[in-house]
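Here is the structure we will look at, set down as structure tokens.
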Amino acid sequence: MAINNDIIFALVDEVPKGQVASYGMIASLLPGVGPRQVGSALGKLGERSKTPWHRILQSSGAIADRVGAERQRCRLKREGITFRKNAAVDIAAHRWGGPSPIWIAANERDPLEIMEIVAGWGR
23 MAINNDIIFA
33 LVDEVPKGQV
43 ASYGMIASLL
53 PGVGPRQVGS
63 ALGKLGERSK
73 TPWHRILQSS
83 GAIADRVGAE
93 RQRCRLKREG
103 ITFRKNAAVD
113 IAAHRWGGPS
123 PIWIAANERD
133 PLEIMEIVAG
143 WGR
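If you read the sequence shown in this note's numbering, its first letter stands for residue 23, the second for the next number, and so on.
Right under this line is the structure:
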């Protein structure tokens with residue numbers, strides 16, 4: 023099933039400065055979308071995009087080894103994100119709290135379902 027990348031971008035736009043999410047966290051909120059689709063969509067963003075792609079990481083907190091990895095690391099550091107000795111982000115310290123009520127309503131999602139999904143991220 024093809025999904026409009028704009029849906030992914032709109033959700034990534036919800037992740038505020040100083041917080042991070044994994045590809046899987048984003049995918050978990052979008053029925054029919056997997057983490058690889060999220061990564062693929064973010065890879066298509068242009069240089070001038072305002073979507074905060076740099077706040078999306080691997081589930082381990084690692085930055086994907088690809089073009090732009092150093093730029094991503096620098097942007098995260100400027101936002102106050104801390105890194106572990108293994109160079110991964112301390113995801114527990116900076117985990118995104120989930121989408122806003124506005125996003126939930128605009129996407130016609132059940133707030134309780136979203137709360138359950140978000141609660142599972144810390145496990």
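Ideal Cβ positions, reconstructed from N, Cα and C, are used throughout, including at glycine.
Just so you know, these numbers come straight off a predicted model, no measurement behind them.
Bounding residues of the alpha helix (DSSP H) (the contiguous stretch that carries residue i)
i, result
"Gln59", "Pro57 to Gly65"
"Trp125", "Pro123 to Ala128"
"Pro133", "Pro133 to Trp143"
"Gln94", "Ala91 to Arg100"
Supposed close pair residue i, residue j - CB separation, criterion 8 Å
i, j, result
"Arg117", "Trp143", "6 Å"
"Ile85", "Arg95", "6 Å"
"Ser82", "Ala110", "6 Å"
"Ile124", "Ile136", "Wrong, their Cβ atoms sit about 12 Å apart, outside the cutoff."
"Ile25", "Val55", "6 Å"
"Leu52", "Ile29", "6 Å"
"Ile103", "Val42", "6 Å"
"Glu101", "Gly40", "5 Å"
Residue i - DSSP class collapsed to helix/strand/coil
i, result
"Leu52", "coil"
"Arg117", "strand"
"Ala110", "coil"
"Ile30", "helix"
Cβ shell of residue i (< 6 Å), same chain only, five flanking positions each side left out
i, result
"Pro57", "Tyr45, Gly46 and Ala49"
"Arg13", "Limits of the chain in this structure are 23 at one end and 145 at the other, which puts residue 13 out of reach."
"Ala91", "Ile85"
Identified DSSP bridge partners for residue i
i, result
"Ser44", "Leu79"
7 Å Cβ shell around residue i - same chain, five flanking residues per side excluded
i, result
"Pro121", "Leu33, Glu36, Leu51 and Ile136"
Proximal residues to residue i (C-beta, below 8 Å), its chain only, five neighbours per side dropped
i, result
"Leu67", "Phe31, Thr73 and Trp75"
"Pro133", "Pro123 and Ile126"
"Lys99", "Phe105"
"Arg93", "His76"
Chain D contact for residue i (CB, 8 Å cutoff)
i, result
"Thr104", "Absent here is chain D; the protein component of the structure consists of one chain."
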